[in-house]
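K.L.:
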Amino acid sequence: MALFEAHKLHLRFGDRVVLEEVSLSFETGKLSGIMGPNGAGKTTCFNVLTGHYKPDRGHVLFDGADITGRSPQAIARLGIARSFQLMNLFDEFTVFENVAIALPQTRKRGRDLLGQAYAEPALVAEAHEILDTVGLGARADDNAKALPYGERRALEIAVALASKPKLLFLDEPTAGLGSDGRDRLAELVRRLKGQVTIVVIEHDMEFLFGLADDISVIHWGQVIAHGSPAELRANPWVKNSNLGKLA
Amino acid sequence: MQKGRPIPTLTPSMIAIWLAFATVPLWIEKVGLYQYLGVEILIFATYAMAYNLVLGHSGLPSFGHGAFFGLGAYAFGLAQQNIAPDLWLCLGVAVGAAAIGGALVAAFISHRRGIYYSLLTIAFGQVFWFIAIKSHAITGGEDGLLKIERLPVRLGFATLELRDNIALFYFVLAVFVVVTLLLWRLIHSPFGRILKAIKQNETRARFVGYDVWRYKAAVLVLSAGLSGLAGGLFAMAQSSAFPDVMSLHYSGYVVMMALIGGGLVTFWGPVLGAIVFLLARDVIGAFTTGWMLWFGLLFVILVMYKPEGLGGLFLRPLSARAR
């Protein structure tokens, strides 16, 4: 059963159509990929799905409920988290606090004006568990901006995981990573697969084809192909494009 | 903030600063200054701390905070003259009026950020200032609201008169102690850490589920309320309330205090800024009426070469040790 569905999304910026009749469906527990050339509209699509932009037409359904046009914070509270293509962390915080601030327990105490933040042992343990999951357990007390690039990418994912999502959107998680970093990230995403439904935008075709259960190809703001990695490898458009050569 | 490490409610630096202030009446006249200056410094230190909750801790560049300080001053005087001459009631009305003013402004500006937020705070500040000048029947217009009394402190078991500047100083110091304690707790509370997260990355804060605009509105209301408290104390100290304190240049003073003192990097920065500002006014002002020119130069030099302010030079090690 589809956990998340987008029906005929349409969005234009001025006179430029950036999404046209985009329909997507992501199954519970699976890892779905979105690929396409630069400027195809992939990140814009993510921005619509996660509430950053409101579509001009179309609907977004999550767990059967219509969430079209809801704010990013309302969507996040429903259990949808995302990472960003450009690093988007709380740079002055420690690695621990980046995760702790995103935990639902902290959010629930948001009206507490005089109590001690992060005082609950369960919260601290949970933040550490998430950091251990992404391999940053030993860096908990380091400043986020002091981390090397690859670990900042992992922290991006840890912050997204902290909100205990049912659905995790990862926007080009391997961007800027070397082969070692990419391999570590692939291993992390492989471990997360099954625990949470994941949707990944990715340029690295080897990474995406190695992990995804199904992939949608977006070009010129439209979904031009959809299928399993094997089906897409046989797709004429994909075969003739640079993406196909990379896959 | 590190993992689960509790922040003490009282720190050595906090106690040292309070004790240092407590000694001021003993020596301030011996160094050629005067008792009322100590009162003014504490009031403006309280105001600057309240303001820094918005600028330093939440990253919201408000340039119209004089409106809330002024609202508190007028509310204190009007409550005293029209409701009841009770200190606690009048200070409560000062806080309440400024907080309501803050809520009104917050409702319009909390969805904005950066330059748009700043410009709107200036615009609202000017609106309040204009209303204060034009509402002659209520505020006394440009002549100000006069004959505001220094009301006694009724504690139930005793009554303390505040007519003397030294007595008023210690009362204001008590208020300052309470305000700094509350602000210290607040910035280390879940609410305070969320504000700090919003300051660093508003977009990410939204995507982890925070209603950013509600937090921005709430902190402006809190800051406005505490600024109103300082305004109420100032009206009592001056025995009057004038529209001047709501003007743009007065709003600029508190920004300078917060920035020069290092409010962006240290908790105590605004206090240092208020001390430096008022001492500069009196000490440099004794030699030249153009003291603001020299103070402005100091501001320019600091912004260019030490943007974290004097606090970055002197108070940061103190703050680090306090943690």
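Sequences listed follow chains A and B, in order. Following the working numbering, the numbering of the first sequence begins with 3 at its first residue and continues without gaps. Following the working numbering, the numbering of the second sequence begins with 721 at its first residue and continues without gaps. C-beta: ideal position from N, C-alpha, C; glycine also. Fair warning: this is a prediction, and the values are worked out from it, not measured in the lab.
If you run the structure through DSSP and keep just helix, strand and coil, what is residue 69 of chain A?
P.N.:
Translated into the one-based positions of the first sequence, residue 69 of chain A becomes position 67. Residue 69 of chain A: coil per DSSP, three-state reduction.
K.L.:
Checking 8 Å against the spacing of the C-beta atoms, do residue 35 of chain A and residue 21 of chain A come in under that value?
P.N.:
Locating residue 35 of chain A in the first sequence gives position 33, counting from the first residue. Locating residue 21 of chain A in the first sequence gives position 19, counting from the first residue. In this structure, residue 21 of chain A does not lie closer than 8 Å to residue 35 of chain A by Cβ.
K.L.:
Using the rule of at least 16 other Cβ atoms within 10 Å of the residue's Cβ for burial, across every protein chain shown, is residue 728 of chain B buried or exposed?
P.N.:
Locating residue 728 of chain B in the second sequence gives position 8, where the first residue counts as 1. Under this definition residue 728 of chain B is an exposed residue.
K.L.:
Restricting to runs no shorter than 4 residues, where is the alpha helix (DSSP H) found entirely within the stretch 95-167 of chain A?
P.N.:
97-102, 106-110, 123-135, 151-164
K.L.:
Which partner residues of residue 7 of chain A appear in the DSSP bridge assignment?
P.N.:
Working through the first sequence from its first residue, we reach residue 7 of chain A at position 5. Bridge pairing for residue 7 of chain A: A:27, A:63 [DSSP].
K.L.:
Using a Cβ-Cβ cut-off of 8 Å, state whether residue 6 of chain A counts as contacting chain B.
P.N.:
In the first sequence, residue 6 of chain A corresponds to position 4, counting from 1. For residue 6 of chain A, the answer is no, since every Cβ of chain B falls outside 8 Å of its Cβ.
K.L.:
So which residues of chain B does residue 78 of chain A contact, with C-beta pairs closer than 8 Å?
P.N.:
For the purposes of this step, residue 78 of chain A is taken as residue 76 along the first sequence, with counting starting at 1. Within chain B, the residues near residue 78 of chain A are 926, 927, 928, 929.
K.L.:
What does DSSP give as the partner residues of residue 229 of chain A in its beta bridges?
P.N.:
Numbered from its first residue, the first sequence carries residue 229 of chain A at position 227. In the DSSP output, where bridge partners are listed per residue, residue 229 of chain A has A:217.
K.L.:
By the DSSP assignment, the alpha helix (DSSP H) with residue 924 of chain B in it spans what residues?
P.N.:
Against the second sequence, residue 924 of chain B aligns to sequence position 204. Looking at the DSSP string, the run of the alpha helix (DSSP H) that includes residue 924 of chain B is 922-927.
K.L.:
Roughly how many angstroms separate the alpha carbons of residue 922 of chain B and residue 778 of chain B, rounded to a whole number?
P.N.:
For this step, residue 922 of chain B is matched to residue 202 along the second sequence. For this step, residue 778 of chain B is matched to residue 58 along the second sequence. Using only the alpha carbons, I get a separation of about 10 Å.
K.L.:
Any beta-carbon of chain B closer than 8 Å to the one on residue 75 of chain A?
P.N.:
Counted from its first residue, the first sequence places residue 75 of chain A at position 73. Closer than 8 Å: yes.
K.L.:
So, does the CB of residue 726 of chain B fall closer than 8 Å to a CB anywhere in chain A?
P.N.:
Here residue 726 of chain B is taken as the residue at index 6 of the second sequence, counted from 1. Chain A contact via Cβ: present.
K.L.:
Can you find the residues in the same chain that come closer than 6 Å, C-beta to C-beta, to residue 225 of chain A, ignoring five residues on each side of it along the sequence?
P.N.:
Numbered from its first residue, the first sequence carries residue 225 of chain A at position 223. Excluding sequence neighbours, residue 225 of chain A sits near 24, 218.
K.L.:
Using only the alpha-carbon positions, how far apart do residue 796 of chain B and residue 946 of chain B sit?
P.N.:
Position 76 of the second sequence, counted from the first residue, corresponds to residue 796 of chain B. Position 226 of the second sequence, counted from the first residue, corresponds to residue 946 of chain B. Their Cα atoms are separated by approximately 13 Å.
K.L.:
Return no unless some Cβ of chain A is closer than 8 Å to the Cβ of residue 1043 of chain B.
P.N.:
Within the second sequence, residue 1043 of chain B is the residue found at index 323, counting from 1. Legend: pLDDT at residue 1043 of chain B = 42, less than 50; position of this residue unreliable, value from coordinates given subsequently. No, residue 1043 of chain B does not count as interfacial toward chain A.
K.L.:
Please classify residue 1041 of chain B: does DSSP put it in a helix, a strand, or coil?
P.N.:
As a working note, residue 1041 of chain B is residue 321 in the second sequence. With a pLDDT of 46 at residue 1041 of chain B, under the threshold of 50, the predicted position of this residue should be treated as unreliable, and no value is reported.
K.L.:
Go ahead and pull the three-state DSSP assignment for residue 751 of chain B.
P.N.:
Position 31 of the second sequence holds residue 751 of chain B. Reduced to three states, the DSSP call for residue 751 of chain B is coil.
K.L.:
Output, in sequence order along the chain, the residues in the stretch 894-916 of chain B whose CB is closer than 8 Å to any CB in chain A.
P.N.:
902, 905, 906, 908, 909, 910, 911, 912, 913, 914, 916
K.L.:
At the 8 Å Cβ level, is residue 113 of chain A part of the contact set with chain B, yes or no?
P.N.:
On the first sequence, residue 113 of chain A is found 111 positions in, with the first residue counted as 1. Chain B, which has a Cβ nearer than 8 Å to the Cβ of residue 113 of chain A, makes this yes.
K.L.:
Give the straight-line distance between the Cα atoms of residue 771 of chain B and residue 176 of chain A, rounded to the nearest whole angstrom.
P.N.:
Counting from 1 along the second sequence, the entry for residue 771 of chain B is found at position 51. Counting from 1 along the first sequence, the entry for residue 176 of chain A is found at position 174. In a straight line, the C-alpha of residue 771 of chain B is about 42 Å away from that of residue 176 of chain A.
K.L.:
Are the stretch 162-169 of chain A and the stretch 116-124 of chain A in contact at 8 Å, needing three or more beta carbon pairs?
P.N.:
no
K.L.:
Just verifying my parser: in three-state terms, what is the DSSP assignment at residue 199 of chain A?
P.N.:
Residue 199 of chain A sits at position 197 when you count from the first residue of the first sequence. Residue state, collapsed to three classes: strand.
K.L.:
Residues in the same chain with beta-carbon distance under 7 Å from residue 30 of chain A, minus the five sequence neighbours each way, listed in chain order, please.
P.N.:
For the purposes of this step, residue 30 of chain A is identified with residue 28 of the first sequence, where counting begins at 1. If we look at residue 30 of chain A and ignore the five residues flanking it on each side, its Cβ neighbours are 3, 5, 199.
K.L.:
Along chain A, in chain order, which residues have C-beta atoms closer than 9 Å to that of residue 923 of chain B?
P.N.:
Counting from one through the second sequence, the residue named residue 923 of chain B turns up at place 203. 54, 74, 86, 90, listed in chain order.
K.L.:
Beta-carbon within less than 8 Å of residue 213 of chain A's beta-carbon, same chain only, minus the 5 sequence neighbours each way: which residues are those?
P.N.:
As a first step, residue 213 of chain A must be located in the first sequence, where it is residue number 211. Counting only Cβ-Cβ distances below 8 Å, and skipping sequence neighbours, we find 33, 35, 188, 191, 192, 195, 202.
K.L.:
Within 8 Å (strictly less), CB to CB, does residue 119 of chain A reach chain B?
P.N.:
Translated into the one-based positions of the first sequence, residue 119 of chain A becomes position 117. At least one chain B Cβ lies under 8 Å of residue 119 of chain A.
K.L.:
Which chain A residues sit within Cβ distance under 8 Å of residue 920 of chain B?
P.N.:
In the second sequence, counting from the first residue as 1, residue 920 of chain B sits at position 200. Within chain A, the residues near residue 920 of chain B are 92, 93, 94, 95.
K.L.:
Suppose the cutoff is 6 Å on Cβ atoms and the five residues either side in sequence are ignored; what does the same chain contact list for residue 926 of chain B look like?
P.N.:
Counted from its first residue, the second sequence places residue 926 of chain B at position 206. Excluding positions up to five away in sequence, the list reads 932.
K.L.:
For a quick check, are the C-beta atoms of residue 986 of chain B and residue 1031 of chain B less than 8 Å apart?
P.N.:
Within the second sequence, residue 986 of chain B is the residue found at index 266, counting from 1. Within the second sequence, residue 1031 of chain B is the residue found at index 311, counting from 1. Closer than 8 Å, so yes.
K.L.:
Going along the chain, which residues of its own chain have a beta-carbon closer than 6 Å to the beta-carbon of residue 53 of chain A, five neighbours each way excluded?
P.N.:
One-based indexing of the first sequence puts residue 53 of chain A at position 51. Around residue 53 of chain A: 72, 73, 74, 77.
K.L.:
Between the stretch 825-844 of chain B and the stretch 939-954 of chain B, do at least 3 Cβ pairs fall closer than 8 Å?
P.N.:
At 8 Å Cβ cutoff, the stretches touch.
K.L.:
Any contact between the stretch 794-812 of chain B and the stretch 863-875 of chain B? By contact I mean 3 or more CB pairs, one from each, below 8 Å.
P.N.:
yes
K.L.:
Closer than 6 Å by C-beta to residue 1043 of chain B: which residues in its own chain qualify, once you throw out the five before and the five after it? Chain order, please.
P.N.:
Within the second sequence, numbered from 1, the residue matching residue 1043 of chain B stands at position 323. With a pLDDT of only 42 at residue 1043 of chain B, under 50, the local geometry of the prediction cannot be trusted, and the value read off the model is given with reservation. Same-chain partners within the cutoff: there are none.
K.L.:
From residue 1041 of chain B to residue 731 of chain B, what does the alpha carbon distance come to, in whole angstroms?
P.N.:
The residue given as residue 1041 of chain B occupies position 321 in the second sequence. The residue given as residue 731 of chain B occupies position 11 in the second sequence. Bear in mind that a pLDDT of 46 at residue 1041 of chain B, under 50, signals an unreliable position, so the number given afterwards is only what the model happens to contain. The alpha-carbon separation between residue 1041 of chain B and residue 731 of chain B amounts to approximately 9 Å.
K.L.:
Measuring only the C-alpha atoms, how far is residue 67 of chain A from residue 7 of chain A?
P.N.:
On the first sequence, position 65 is the one that residue 67 of chain A refers to. On the first sequence, position 5 is the one that residue 7 of chain A refers to. Rounded to the nearest angstrom, the two C-alpha atoms are 10 Å apart.
K.L.:
Strictly below 8 Å CB to CB, what residues from chain B border residue 116 of chain A?
P.N.:
Taking the first sequence and counting its residues from 1, the one referred to as residue 116 of chain A is at position 114. Going along chain B in sequence order, the residues near residue 116 of chain A (Cβ under 8 Å) are 902, 905, 906, 909.
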